[in-house]
Amino acid sequence: MIEDTSPPTRHGYRPDFRFGNTLVEVKADLHSFRNFRAALLQLAYYLSDDTDDRGLLVLVNPRITEAALRNEWRLIERALHPAMVRRLTLAVRRQSGIIPIAGNLKPALSKRLLLDNADRDARVQPNRAPHSSDAILLVLLNQWFLRKGPMTNQWLMRAVGCSYPTVAKALRRLQDVIQRFPDRRFQLWGFPTDEWNRIVANRERAHPTLHYADRSGQPRNAESLLRRASKSGRNDIAIGGVIAARHYHPDLDLRGTPRLDLTLHSPDGHADLSFIEGLDPALERVTDKEERATLAIHVLRRQTSLFVAAPKGLPWADPVATLLGLYDARLEAQAKEFLDHLVMSVG
Amino acid sequence: MSSLPARGVMQQVAAAIPMECRGEIIVVGSLAATYHFFGSDPNAVITTKDVDAMLSPNALALRNAKIVAESLFEAGWTLREDAQRGKAGDRSTPEEELPILRLHPAGNTDWYLELAAAPPEGRAESKVIQRLSTSQGDFGLYSFRFLALAEEDPLRSEFGISYARPEMMALANLLHHPQIGPEVVRGSTDKRSNKDLGRALALAWLSTERDRDALETWHPRWRTALERRFPKEWRDLALRAGKGLRALLDDKHKLDLDQATRLCNLSLLRGRGLGAEALRATGRRLLVEALAPLESAARTMPGA
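Going line by line, the protein sequences match chains A and B. Per the working numbering, the very first residue in the first sequence carries number 1; after that it's consecutive. Per the working numbering, the very first residue in the second sequence carries number 348; after that it's consecutive.
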């Protein structure tokens, strides 16, 4: 049976789960040898601290072929110590099932991988890009709320990271709320209520969020987590949620700060979450929506973060990401108040 | 297991120690921890029978132990009866067979004071025994190597005697158990390593309860203490301090962590109903925020 527990962290990394004496790392949609080698080496480092455990790297729907992986494995056999190679197993999971590439994959583990954990871990990877039409709407809204003025197709394509036909299609869909100018620039002229409601209803798609909860019984407050985040030296995270909402709307009717929301800019889909251990090693990822999270990480996949610089410390997430963070925290009343404030500010 | 008022016991121990030795004794173990965290609560209790006190420095320990022992005998304190090693030894008793000096207060067998000595400097043995000759026979005065850390900047109780800092007791426990060993606590089936490593987690948990950032303040004090107490080998010790804890948190030792949790819930963490997951999370904090910086300092070569 899979022991669905998180192994301890070593060297700033921990595999996804343990099955007997095998530590399993699951990577979904891996598309480069560089990332494959990094994942394998990370697992090998981890194993080197222990003499008994074995390691299994499972690639879910990789864009590398099985033949190419076998060739790569031959290079790995030449490069790594034979004692380490003997402890490593590589497998691929595709719709057709589990395909062993190298090493010894136990049937029981193979069966289990098919059933649950690999699927689960693949699902929770925040590496799938949201629909471009959603991303386009969020950028349009953001520019409108911040009164940035009209934009060009080129600018929007670069901001979102999409093609001209995608932008054109999205703008056609939004034509009722788009104002076009003679120089071909455009902007929103009103709030697209229906489109926004659709975004909010499907916000996991437009604005994927990872939740973390304290496991020690001594949760750190949002301010403490923020102070640590500010020291992380990362330039790809910004403050969102309640703290950012108060920045944009100081009169927000809410006492206290129930959790810290951070927006992580991850245009290539490889969300580096290593800083979370520095915020609080007692945090663990939770998927049960009923569980109270003390930290929420919103993964932003568009090309341009649109973070708003702060005089010191971390930048602010944009107002729209901030607003979606309030919905995610189930602060519907505050979200509505903040939305009204943003719409009213546009005038 | 008895429940003793922590503040009252600290006061009674302090009052019983002759004035000339009061500055040279450090309370360690359960009483030190309970007094530190709950001393202001008149209802705070310790749940063990033994109250451990260490005579420091080592150079004066034997002399002071004799003074303390004779003073307690005179005040009516009585030897704890022990089926195995109840009687005092004599000059012919080999040192390793001498009983530890354990004394009940006059007219009270609820608890006993156990005397130990600070370890001699430069000795690498985990345990050293010195012969303590008293009017009631010979006893073994034990020194545990890593309890040298308890001598580091001890805290002063309101009753004038000192007690060990929680973080120093935690480090001593961590160093004492680089692995989950088979040795069991006398009179039980509980592993000694689980009890002591669990104690380190309990001390971390209680420190964090007071101040969520407390563990980050531990490693500079740990480093200073290790450098001062073990100047030639502090780097090695720093690098191995987390080994036992890492083993305890490993899934292979799930049952050991369960046992450590149960023991914590019977003692320092009583009434909190914490599960193993809470201690595991506390262990992660301890590893990342206290042990990792210590290890990092140990890996940095001098002058680098």
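All C-beta atoms in this analysis are idealised placements derived from N, C-alpha and C, irrespective of residue type, glycine included. As the structure is a prediction and not an experimental result, all values here were calculated from the model.
Excluding the 5 residues flanking residue i on each side, which residues of the same chain have their C-beta closer than 7 Å to its C-beta?
i               : result
G325 of chain A : G240, G241, D261, A296, H298
A310 of chain A : W316
A122 of chain A : Low per-residue confidence applies at A122 of chain A: pLDDT is 38, beneath 50, and the placement is therefore not dependable, though the value from the model is reported in the following sentence. If we look at A122 of chain A and ignore the five residues flanking it on each side, its Cβ neighbours are V26, A28, V60.
E309 of chain B : Nothing in the structure corresponds to residue 309 of chain B, since chain B is present only between 348 and 651.
P466 of chain B : N405, V475, S490, F491, R492, L494, A495
E328 of chain A : Correcting the residue identity first, residue 328 of chain A is Asp in this sequence and not Glu. So the qualifying residues of the chain are R203, T209, A296.
L339 of chain A : L323
A353 of chain B : L378, T381, Y382, F385, G386, A391, V392, I393
G376 of chain B : D399
Grab me the residues of residue i's own chain with a C-beta within less than 6 Å of its C-beta, minus the 5 sequence neighbours each way, in chain order.
i               : result
Q125 of chain A : No answer about Q125 of chain A holds up, because its pLDDT of 48 lies below 50 and its placement is not dependable.
E574 of chain B : W581
R220 of chain A : D280
A282 of chain A : D214, R215, S216
T608 of chain B : A623, L626
E498 of chain B : S403, A465
G347 of chain A : none
Please name the residue in the options whose C-alpha comes closest to that of residue i.
i               : options                        : result
V60 of chain A  : A:L75, A:L47, A:Q95            : A:Q95
G348 of chain A : A:L43, A:T263, A:E277, A:E66   : Only positions 1 to 347 of chain A appear in the structure, and residue 348 of chain A is not among them; the question remains open.
R427 of chain B : B:E461, B:H600, B:D437         : B:E461
W565 of chain B : B:M515, B:G620, B:G355         : B:M515
S403 of chain B : B:A361, B:F486, B:A495, B:D537 : B:A495
E442 of chain B : B:G487, B:D500, B:R503, B:A416 : B:G487
D597 of chain B : B:F491, B:A623, B:R576         : B:A623
L602 of chain B : B:A549, B:K538, B:A585         : B:K538
T166 of chain A : A:A333, A:R198, A:Q154, A:S133 : A:S133
P182 of chain A : A:R173, A:A222, A:T152, A:L30  : A:T152
A519 of chain B : B:L409, B:A572, B:L626, B:T608 : B:A572
L378 of chain B : B:A362, B:Q359, B:V398         : B:V398
N104 of chain A : A:N21, A:T89, A:T304           : A:T89
V320 of chain A : A:A108, A:R63, A:L137          : A:L137
L604 of chain B : B:D500, B:Y459, B:K542         : B:K542
R158 of chain A : A:P267, A:F33, A:A245, A:I76   : A:P267
Residue i versus chain B: which residues are under 9 Å apart at the beta carbon?
i               : result
Q187 of chain A : Here the premise fails: no neighbours, minimum Cβ distance about 46 Å.
T9 of chain A   : R631, L634, V635
What distance in whole Å lies between the Cβ atoms of residue j and residue i, which are believed to be in contact at a cut-off of 8 Å?
i               : j               : result
F145 of chain A : S345 of chain A : 7 Å
Y489 of chain B : I447 of chain B : 6 Å
K590 of chain B : P640 of chain B : 16 Å between Cβ atoms; not a contact.
I98 of chain A  : E66 of chain A  : Contact doesn't hold; Cβ gap of about 12 Å is too wide.
R264 of chain A : I237 of chain A : According to the sequence shown, residue 264 of chain A is Leu rather than Arg. With 8 Å as the limit, L264 of chain A and I237 of chain A qualify as a contact, their Cβ atoms being about 5 Å apart.
L544 of chain B : R593 of chain B : That belief does not hold up - the Cβ atoms of L544 of chain B and R593 of chain B are roughly 10 Å apart, past 8 Å.
V160 of chain A : V177 of chain A : So it is not a contact: roughly 18 Å between Cβ atoms.
V58 of chain A  : V24 of chain A  : 6 Å
L550 of chain B : A380 of chain B : 6 Å
L40 of chain A  : P62 of chain A  : Actually they are not in contact, since the Cβ atoms of L40 of chain A and P62 of chain A sit about 12 Å apart, beyond 8 Å.
A628 of chain B : G507 of chain B : At roughly 38 Å, the Cβ-Cβ gap does not stay under 8 Å, so A628 of chain B and G507 of chain B are not in contact.
L225 of chain A : Q334 of chain A : About 20 Å separates the two Cβ atoms, so there is no contact after all.
L409 of chain B : E371 of chain B : Actually they are not in contact, since the Cβ atoms of L409 of chain B and E371 of chain B sit about 12 Å apart, beyond 8 Å.
A511 of chain B : R570 of chain B : Not quite, the Cβ-Cβ distance comes to about 17 Å (not below 8 Å), so this is no contact.
Interface residues of chain B around residue i at Cβ under 7 Å?
i               : result
R112 of chain A : Here the premise fails: no neighbours, minimum Cβ distance about 16 Å.
Taking residue i as the query, report the chain B residues whose CB atoms sit under 8 Å from its CB, ordered along the chain.
i              : result
R18 of chain A : D598
If I measure Cβ to Cβ from residue i and keep anything under 8 Å in the same chain, skipping five residues before and after, which residues do I get?
i               : result
K336 of chain A : none
A168 of chain A : N153
I414 of chain B : P365, E367, C368
S48 of chain A  : M84
D52 of chain A  : N21
L562 of chain B : A551, S554, T555, R632, L633, E636, A637
Below 8 Å on C-beta distance, what does residue i contact in chain A?
i               : result
E624 of chain B : R215
L544 of chain B : Neighbours of L544 of chain B on chain A: none; closest Cβ ~14 Å, over 8 Å.
A585 of chain B : Those within 8 Å of A585 of chain B in chain A number zero; the least Cβ separation is about 17 Å.
A408 of chain B : Residues of chain A passing the Cβ test: none, with the nearest at roughly 38 Å.
A547 of chain B : Under the 8 Å cutoff, chain A gives no residues; its nearest Cβ is about 15 Å from A547 of chain B.
A645 of chain B : Going along chain A, no residue has its Cβ under 8 Å from A645 of chain B, so there is no contact; the nearest lies around 16 Å.
Chain A partners of residue i, CB-CB under 7 Å?
i               : result
L621 of chain B : G217
A380 of chain B : In chain order: nothing, as chain A lies at least about 17 Å away.
A391 of chain B : Under the 7 Å cutoff, chain A gives no residues; its nearest Cβ is about 19 Å from A391 of chain B.
For a contact defined as C-beta to C-beta under 9 Å, what are the partners of residue i on chain A?
i               : result
A607 of chain B : Chain A residues near A607 of chain B: none, gap ~15 Å exceeds 9 Å.
At a Cβ cut of 7 Å, what residues of the stretch 589 to 603 of chain B count as close to chain A, listed as they run along the chain? R593, L596, D597, D598
Residues of the stretch 552 to 574 of chain B with a CB closer than 9 Å to any CB of chain C: list them in chain order, please. The question asks about chain C, but that chain is absent: this structure's protein chains are A and B.
Counting only Cβ-Cβ distances shorter than 9 Å, please list the residues of the stretch 273 to 287 of chain A near chain B, keeping chain order. E277, G278, D280, P281, A282, L283, E284
Which residues of the stretch 204 to 228 of chain A have a Cβ closer than 8 Å to any Cβ of chain B? Give them in chain order. D214, R215, S216, G217, Q218, R220, N221, S224
If the cut-off is 9 Å on Cβ atoms, which residues from the stretch 503 to 523 of chain B count as contacting chain A, listed in chain order? none
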